[in-house]
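Asker: Got a structure for you, written out below as structure tokens; questions coming shortly.
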Amino acid sequence: MSVTMKESEISGVSVVELDGRIVLGEESNSLREKLKSLIAAGKRKIVLNMANVRYIDSAGLGALVAGHVSAKTQGASVRLCNLGQKFHDVMQVTRLLTVFDVYDTQAAAINSF
Numbered sequence: 000m001s002v003t004m005k006e007s008e009i010s011g012v013s014v015v016e017l018d019g020r021i022v023l024g025e026e027s028n029s030l031r032e033k034l035k036s037l038i039a040a041g042k043r044k045i046v047l048n049m050a051n052v053r054y055i056d057s058a059g060l061g062a063l064v065a066g067h068v069s070a071k072t073q074g075a076s077v078r079l080c081n082l083g084q085k086f087h088d089v090m091q092v093t094r095l096l097t098v099f100d101v102y103d104t105q106a107a108a109i110n111s112f
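Using numbering that gives the first Met the number 0, you'd call the opening residue of the sequence shown number 0 and step up by one each time.
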């Protein structure tokens, strides 16, 4: 099962709703490419809504980190919202919660810009 991404723009913020699994292969590559294309298009405020992400592996986490780093180097910002409990725990164990700005709701993430 692949990951699907629904992109929208709310108050000048690019919101990408992810649905599915972010795992090694096509899924993590498509996330990396999506972030790259948003940044290339001049988007500086990006929110990833993770509400429907059912599973993420190390490659998926790597794609998130790569997107975060490339956004930062180009003056953009990537924020996460709606992490499920398991996902939140993984982010905590890997100390990625200290890297990303994480919000409980999409609205809070958008308003943080």
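Backbone N, C-alpha and C define an ideal beta-carbon position, used for all residues, glycine too.
Start and end of the beta strand (DSSP E) containing Val51?
Answerer: A quick correction: the sequence has Asn, not Val, at residue 51. Start and end: Lys44 to Ile55.
Asker: Mind the definition here: the segment 28-35 touches the segment 88-95 only if three or more C-beta pairs lie below 8 Å; say whether that holds.
Answerer: Verdict: no, contact absent.
Asker: Excluding the 5 residues preceding and the 5 following Asn81 in the sequence, name in chain order all residues of the same chain whose CB lies nearer than 6 Å to its CB.
Answerer: Closer than 6 Å at the Cβ level, and outside the excluded window around Asn81, lie Asn48, Met49 and Ala50.
Asker: Mind checking which residues open and close the alpha helix (DSSP H) that includes Ser111?
Answerer: Element bounds for Ser111: n/a, residue is neither H nor E.
Asker: Under three-state DSSP, which class holds Val64?
Answerer: Reduced to three states, the DSSP call for Val64 is helix.
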